[in-house]
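Worksheet: one structure, shown below.
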Amino acid sequence: MMRTIEVLLVVIIISTAFVAASYFTVLPPPRQVSPINLRRLSLTTLQMLDSDYDLSIAAFQTDNSSIWGSLQIALSASLPANVVYNLTVYDISGQDGGVYTNVASMSNAESLYTTSDVSTYTVASSNVTFNVTPEKIGEGNGGTLYILNCSDASGWWITGYTAQSLAQDLYNLLSPYFVKTIMIQNTNQLYQILNGNSLQGESVQNAVVINTCGEAVPIPSTYATQYSSDYGQYPYLLGQKVRTYNWTWASIVGYPFYYVSNTVTLASGQNNWGIYGMSQVGQLGSRAFLQGLNAQSYNKNDNGAIIDQTHSSTGYQVTFTQAITDLRNYYGIYPSSSQTSSRALSISTLQSYNLQVGLYVFNPYTYNSVDYLAGAVYNHHATGSTNITGSLLALGLTRTPDVRVTCISLLSYFSPRLYHSEYTASGTSRLVVLQLGLAGGS
Amino acid sequence: MLSLIVFMAAIIIFIGLFSQSIQTSVAYERHRTLGTEASDLLDNVLLNPGIPSNWSTSDSSPACLGLQDPEYMQYTLSPFSLMRLTSSTQTPVLWNGAYFNNNTGGSGSCVLTPLSKSVNYSTAYRLLGINGTYGFQLTLTPTLTISTTKVSSGSPLKLAVTVDGTGFPLANAAVTYNLLLVNQSASTYPSYTVISGTNRTDLAGRTSVTFPGVDGETQTYTFLIYAYLGGLKGMGYYVNVPSGSAKSVVPIVESYTNRTICLAHSDSVGAPPQNPQYSQLSYNATFVLLSEDYSLRPIQLTENATGNVTYNQPGQSDFASLAVPNNFGVLIVTYKNAAAGQYGIVLMPWGLSSLSYTATLGGNPEGQEWVATDIRQVTIGGIAYQAKIAVWSVQGVQGLTPL
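Sequences listed follow chains A and B, in order. Its first residue numbered 1, the first sequence is counted upward by one per residue in our numbering. Its first residue numbered 1, the second sequence is counted upward by one per residue in our numbering.
Next comes the structure, spelled out in structure tokens:
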């Protein structure tokens, strides 16, 4: 008898456990098991209705019954029959963007039942133009961008492009960020600025100079004649000028200062590769430049002062640093994050010229126990000084150049701010909220 | 003894009850997962252009399947990528020793694409990474259904148009129409004349158009309609070829990269080839783009815009080859059967949305234990479409019963 009572007690306990478990284990209704993703349907509906800006127009003309009615018909026609909606337009009216005022709404159901979801979509008034105003680099203290667009110089390692086409692209991308952008149209103009003469009243001091000729550098006739016995003296002179004027010299591809070019003066010479109007300087070019930059005496010694990465017959894959990757979004310039380098410079060699890395464009890498930099901005500091006296942007990438890399490098280095027009200013933007629900059933 | 029997019986009953609850819960979780997978899969297909991104306009096979138009963002799809999907609703067509994928969406038009260059179901689910786990069916359907009916007999021609959305008729919509009348004169290569106009639908989404002087019975024509309201855009067409025109020209896509289309005699298309009576068809091909005001903008074809096609006749060409532009549009081929004195017209969309075709890729969800579905609104070549996906598990459901 006692055992029977015990068994009955056990049965009661187990029954209670089952009832309790069943009470808490409430499965949702079948429609919630694999529901239509109403949030995505809502968002895509709004995007589709705004594909020709009809939704934007309707959101700003809610008192126009014709347009508002058309939107309602289009919305009803585009959604499945069992989907009900509630569309509401809010004016983003607060100065701080935090206040939303209900402007108008439409719905085809009294309530949106239990299963509903919502998406929001911001539309802009067609009467408003949104602007982005960039801060000017070097405003009040330079702010000049020189782009070497010399018609009497040829390029090397800019395969597929002309220096002039690259110059135009650079102008389009960078000119908004500088006080004055000047295209150096020939080597005579280059001669003038090298001697400190302004071309259009601009400031020569603290300028940025971009050489669009790749591994070649335009040489004015005067210097082509003067240095005809040893063209390495020309990069040396350029180094001195960069130091004197505190320029930032940008080399867009390959080995900097490897050739000098003047299609008039050097017309009968060629660069050992059959390109006339050009003469080869070789690795001496970069070293001579750095000698001039560091105020050293000119030493014509071509043996490995700066070592190019000779293992790279097929190139080496390099990637942007995280800082550059982030700033691509800020400036809206998107070169590929992975690039091929074959003219990276060894870090150790650069130290002997009082250079410090002002900006790492690409992540450094090691090959055969040697640390290389495929791209960086090198700042020169005179011994014992913290002041920058000239900079070099050297992008040791293989041909063909992507000038967007040059642009994002310079912008990341100077970091000009972008001033966006106020999206939340009164009357410029409205928020459209579309709530969708499933009709029928529980 | 009695207590033991009662105890054992109770335990057995409770095990059964608990296992039922557990089974239901597991089934719920599996189905819930399937719903999430359907949503993810749909976004994966719609929000990436595939690899390489230009696979839809080249003859190369994609390494990753995506339908997004590489020149746009969000849910804007490439009209050409849809052409490269193997239709799961129509059987391939044999021509010239090779099979062609049939994506034809209505009478009076056709699009046959090389089966060897199409992405079929097995390739698609392998590229999507769901091989052996899930089956799916992807359907892209125009949001607006525009149907045209001839409501007259003889002259004048009167056509009734109905514009319906998926949930509601499209009332008060602007309708732009283009009637392409084939010039049935003595010309060897028949041209066509365009009559355009605009109209508005009534509350039921209906409108009608009358063309005085046009005999709807004897005249060969095609009627292209575009409907637009509040950001929602749709397209429809209607083709009338007098019943005697048994022979026709069939456009067949040869290469996506070179954009070459072969114009074949209809007797040569199909398996096995028919035993034809001799008939030579003289054709005149034009390509039209839809401009922003919904008028048709003709594009000059550079070679073989006119010519003749026959079937199996010594010394005569079986087909003609021409190249179309790289924009999406409609290839319009008017033709004449000189022996029978008959005229015809056939349309081919270059970009599947140009004629509002539906595309279906995937397996058959019928008979599956549980099918999760999801839907997105997309735009293809400016035309509003709905992308629907059905996903089911192919891994089996041991012991589980549907909820």
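A virtual CB, placed ideally from N, CA and C, is assigned to each residue, including glycine. Model, not experiment: these values are computed from the prediction.
- Residue pairing by DSSP places B/R206 opposite B/T162 in a beta bridge.
- The beta carbon of B/N308 is closer than 6 Å to those of Q280, S282 in its chain, skipping five residues each way along the sequence.
- Under the Cβ criterion (8 Å, minimum of three pairs), the stretch 169-187 of chain A counts as touching the stretch 215-227 of chain A.
- The straight-line gap separating the alpha-carbon atoms of B/G329 and B/T286 is approximately 10 Å.
- With a cutoff of 9 Å on beta-carbon distance, B/N103 and B/T91 are scored as not near each other.
- Counting only Cβ-Cβ distances below 7 Å, A/D54 has contacts in chain B at G230, G231, in chain order.
- Among the residues facing chain A, B/Y343 is not included, as its CB has no counterpart in that chain under 9 Å away.
- Of the residues assessed, A/E202 falls on the buried side of the cut-off, its CB having 16 or more other CB atoms within 10 angstroms.
- For A/C407, the enclosing alpha helix (DSSP H) covers residues 403-414.
- In summary, the residues of the stretch 65-83 of chain B whose CB is separated from some CB of chain A by less than 7 Å are Q74, Y75, in the order they occur in the chain.
- For B/E29, the enclosing alpha helix (DSSP H) stretches over residues 2-46.
- With contacts defined by Cβ atoms closer than 9 Å, A/A74 and A/R430 do not form a contacting pair.
- Close to B/D202, with beta-carbon spacing below 7 Å, lies no residue of chain A; the smallest spacing is near 12 Å.
- Contact residues of the stretch 3-26 of chain A toward chain B are R3, T4, I5, E6, V7, L8, V10, V11, I14, S15, A17, F18, A21, S22, T25 (C-beta to C-beta distance below 9 Å).
- Between A/Y419 and A/T133, the C-beta spacing is below 9 Å.
- Distance check between A/N301 and each of A/Y236, A/A163, A/I324, A/S336 places A/Y236 closest, using alpha-carbon atoms only.
- Here DSSP, grouped into helix, strand and coil, assigns A/A288 to helix.
- Between B/Q74 and A/L41, the gap from beta carbon to beta carbon reaches 9 Å or more.
- Residues of the stretch 1-12 of chain B whose Cβ lies closer than 7 Å to any Cβ of chain A, in chain order: L2, S3, V6, F7, A10.
- With three or more CB-CB distances shorter than 8 Å, the stretch 136-150 of chain A counts as touching the stretch 173-181 of chain A.
- Of the candidates B/S317, B/F223, B/S354, B/G341, the residue whose Cα lies closest to the Cα of B/L157 is B/F223.
- Closer than 9 Å to the CB of B/A63 there is not a single CB belonging to chain A.
- In summary, A/F130 is exposed, with fewer than 16 beta-carbon neighbours lying within 10 Å of its beta-carbon over all protein chains present.
- With 16 or more neighbouring CB atoms inside 10 Å of its own CB, A/R343 falls in the buried class.
- Chain B places no beta carbon closer than 9 Å to that of A/V318, leaving this residue out of the contacts.
- According to the DSSP secondary-structure assignment, A/V19 is paired through a beta bridge with no residue.
- Taking each of A/T349, A/C150, A/T122, A/Y316 in turn and checking the Cα distance to A/V260, the smallest one comes out for A/C150.
- Unbroken alpha helix (DSSP H) runs of no fewer than 4 residues, entirely contained in the stretch 71-155 of chain A, are not found.
- Looking at the DSSP output, A/M278 sits in a beta bridge with A/S261.
- Not flagged as an interface residue toward chain A: B/T176, since no C-beta distance is shorter than 9 Å.
- A/F320 sits close to A/S337, with the two beta carbons spaced by under 9 Å.
- DSSP places A/F24 within a helical segment (H, G or I) once states are collapsed to three.
- Residue pairing by DSSP places B/P298 opposite B/V288 in a beta bridge.
- In the DSSP secondary-structure assignment, B/T76 is bridged to B/T379.
- DSSP lists A/Y372 as the bridge partner or partners of A/S346.
- At a cut-off of 9 Å between beta carbons, B/A359 makes no contact with chain A.
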